[in-house]
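Have a look at the structure below before the remarks.
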Amino acid sequence: MDIKISCFGTVVLCFTILTIGEVQARELRGLSSVQPASNVPLGTSYSDADGIIETRAAYFTTNHDFTGFIASLTVHNHDIKKGQMTNSYISIQSNANEEISAGWVVDPWKYGDSRTRFFTYWRGFKCPNSECHNEFVPKEGSYLAPGYILDSGNHMTIKFLKDADTGDWKLFVGPSAAYLSEIGYYPKSLFTQLAVQANHAEFGGSVQFLDYMTGPPMGNGVIAEDNIPPGKPTPAMMTDVYYVRPDGKFDSIKTYTYKIGKINCYSLGKSTVNDLDRFAYGGVAGCNRA
């Protein structure tokens, strides 16, 4: 078993990271040990259709320079229809409009069912839109790959980290920050500015739906708000959100802007103004075109 040491924060807190075992891997991704990996990129099913509504409720960092990003989220399942899509994600971006993203998605049009799956995609100067999907290099023997089924209710931590030697962007996933496993990487050669470092990060949820339908739920289906009153349902949360500075130290997200679409259905919020690593997002089903 491989053992690594990782440190958080300006006040250094170190803990041991153990490479995730197959038992924990199956608990995270689902019961089946044989998974149908998909080569269909996120949202492809909608590319030729007219009248697509696309919106998000996400946080966007403002001009950080960093070489890594980590956040934790809970996996949710939603019984939605073909023509609806919902996902929760984290992404790193550059000022050159390059992006790498990963998270969970429910998309019956693409996959043929309403099961929740892991996804990752990229865009860059060699492929300038979100349909890029064929340059992710999976790690041999990895327990997880794009298209694998995830169990609803499980906790998932995702980390992007730029390799100091190769410049590639490695992707780690596990049930917590203490149990992460590398599942693959995006080569440095795909990018220009991301080949050096990232400038922004985005994290939250997004949905797509045909304009004659209603919108699917986002997150856990509870609309987010600030200072949630006792007794009210808790919205989906992004927790333990940190970026990695060029010097290798972890730091919290202190400055960010909101990206909100259908504000009557989907929203953002924080439990308290002092929470620098906990962000609420999501919303209810039933959004219409108006």
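Numbering follows this note's numbering, in which position 121 of the sequence shown is assigned residue number 203; successive positions increment by one, without gaps. Glycine is no exception: its CB is placed at the ideal position from the N, C-alpha and C atoms.
- Residue pairing by DSSP places G256 opposite T239 in a beta bridge.
- The three-state secondary structure of L226, taken from DSSP, is coil.
- Cβ contact annotation for F142 (same chain, cutoff 8 Å, sequence separation greater than five): H282, A283, E284, Y338, T339, Y340 and K341, in chain order.
- Taking a 10 Å sphere around the C-beta of A362, we find 16 or more other C-beta atoms and assign the residue as buried.
- In this structure the stretch 249–262 does not lie against the stretch 161–172, because fewer than three pairs of beta carbons, one per stretch, are closer than 8 Å.
- Here H158 has S234 and N302 as same chain residues with Cβ atoms under 6 Å from its own Cβ, once five neighbours each way along the sequence are excluded.
- In its chain, beyond the 5 residues on either side, S349 and G351 have a beta carbon closer than 7 Å to the beta carbon of E307.
- Within the DSSP bridge table, the entry for W186 names S170 and F200 as partners.
- Counting every other CB atom within 10 Å of its CB across the protein chains shown gives Y203 a total of 16 or more, marking it as buried.
- Just measuring C-alpha positions, the residue of F332, A367 and P269 sitting nearest F207 is P269.
- By DSSP's assignment, F285 forms a beta bridge with Y141 and I172.
- The three-state reading of DSSP puts Y294 in coil, since its state is none of H, G, I, E or B.
- The C-beta separation of G256 from T274 comes to about 30 Å, leaving the pair out of contact by the 8 Å criterion.
- For the set I135, D147, I134 and A139, the Cα lying nearest the Cα of D333 is the one of D147.
- Apart from sequence neighbours up to five positions away, the residues of its chain that approach T321 with a beta-carbon distance below 6 Å are S154 and R360, ordered along the chain.
- For the 8 Å CB-CB criterion, N177 and S288 do not form a contact.
- Listed in chain order, the non-local C-beta contacts of E264 below 8 Å within the same chain comprise K221, S224, K252, L253 and F254, local neighbours out to five positions each way being set aside.
- When DSSP states are grouped into helix, strand and coil, L155 belongs to the strand group.
- In terms of Cα proximity to Y324, the closest of I135, Q279 and I172 is I172.
- Counting only the Cα atoms, F218 lies some 36 Å from N346.
- Distance from I174 to A280 at the Cβ level is roughly 4 Å; contact confirmed, criterion being Cβ atoms closer than 8 Å.
- Annotation for M295: K163, G165 and Q166 place their beta carbon closer than 8 Å to its own, counting only its chain and skipping 5 residues before and after.
- One Cα belongs to K331, the other to A259, and the distance between them is close to 15 Å.
- Under the DSSP definition of a beta bridge, C209 partners with G206.
- Per DSSP, Y193 has no beta bridge partner at all.
- The beta-carbon distance between P299 and G365, rounded to whole angstroms, is 7 Å. This is short enough to meet the 8 Å contact definition.
- The continuous stretches of beta strand (DSSP E) do not include S234, and DSSP gives it neither H nor E.
- The Cβ atoms of R199 and L243 do not sit closer than 8 Å to each other.
- Beta-bridge partners of E181 (DSSP): Q175 and R205.
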